[in-house]
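Working notes for the structure below.
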Amino acid sequence: MLKLREFVDFVFTEIPSIYLIVGSTLLFIFMGTMAFFVRANAAKKPISMKRIILPPLFMSTGALMFVFEEFRVPLPQVLESIFIGLLFSLILIKTTNFEVKEDKLYVKKSRAFLFILVGLLVVRLVAKLILSSTINVGELGGIFWILAFAMILPWRIGMLVKYSKLKNVAN
């Protein structure tokens with residue numbers, strides 16, 4: 323743990339914040355692009371309860387960032403991030419549907435998802451570029467993690483509800 327603490331201290335004291343902002347923005351664009359391709363390929367495979375539950379479970383490990391002071395977020399920003407994440411999740415819940423093919427459930431392909439994903443990526447990118455001038459990079463990372471988790475968890479719960487209803491009808 324001490325080595326990790328030294329690394330975090332090094333990153334936040336020795337590397338200029340502009341490099342952290344540019345680097346994290348490029349990583350974000352790469353990850354968003356990958357998310358699109360993963361989602362496009364996911365529609366080709368049957369959906370399962372495991373495939374719905376695992377992404378938020380894996381993402382929850384990111385909460386360990388809050389062990390470090392640099393990533394901690396004041397309560398008002400936590401609440402704002404949760405609220406915005408919940409709003410975005412409503413869009414995802416509404417546009418994620420399933421279809422039955424050969425007695426298996428698949429995520430229905432949707433052109434709206436591409437526009438929603440790109441829209442969310444653009445909104446997040448613009449917000450990050452604006453907010454990075456007033457909020458430190460670590461705290462901003464914490465804010466966006468909270469927002470993303472508050473978006474993904476209800477979306478996946480909504481998917482699980484829809485999946486369970488269709489699975490019961492299909493059987």
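Residue numbers (the numbering used here): 323 to 493. We put the CB at the ideal spot given by N, CA and C, even for glycine. Computed from a prediction, not measured in an experiment: that's the story for all the values here.
C-alpha distance - residue i paired with residue j, whole-angstrom precision
| i | j | result |
| --- | --- | --- |
| residue 419 | residue 429 | 6 Å |
| residue 343 | residue 413 | 28 Å |
| residue 364 | residue 443 | 19 Å |
| residue 349 | residue 488 | 37 Å |
| residue 337 | residue 423 | 52 Å |
| residue 398 | residue 351 | 27 Å |
| residue 331 | residue 376 | 31 Å |
Own chain partners of residue i with C-beta closer than 8 Å, once the 5 adjacent residues on each side are dropped
| i | result |
| --- | --- |
| residue 485 | 369, 371, 374, 420, 427 |
| residue 378 | 471, 474, 475, 478 |
| residue 333 | 342 |
| residue 411 | 472, 473, 474, 475, 476, 477, 480 |
Sub-8 Å separation of residue i and residue j beta-carbons
| i | j | result |
| --- | --- | --- |
| residue 395 | residue 465 | yes |
| residue 438 | residue 417 | yes |
| residue 392 | residue 345 | no |
| residue 468 | residue 407 | yes |
| residue 383 | residue 447 | no |
| residue 436 | residue 358 | yes |
| residue 354 | residue 415 | no |
| residue 387 | residue 463 | yes |
CA nearest to the CA of residue i, picked from the options
| i | options | result |
| --- | --- | --- |
| residue 361 | 424, 434, 401, 385 | 434 |
| residue 367 | 380, 337, 326, 425 | 425 |
Start-end ranges of the alpha helix (DSSP H) lying completely within the segment 410-475, minimum 4 residues: With a minimum length of 4 residues, the continuous alpha helix (DSSP H) runs that stay inside the segment 410-475 are 433-453.
Completely contained beta strand (DSSP E) runs for the segment 363-410, where each covers 3 or more residues: Those beta strand (DSSP E) runs which fall completely within the segment 363-410 and span 3+ residues do not exist here.
Start-end ranges of the alpha helix (DSSP H) lying completely within the segment 329-368, minimum 4 residues: List check, alpha helix (DSSP H) in window: 339-364.
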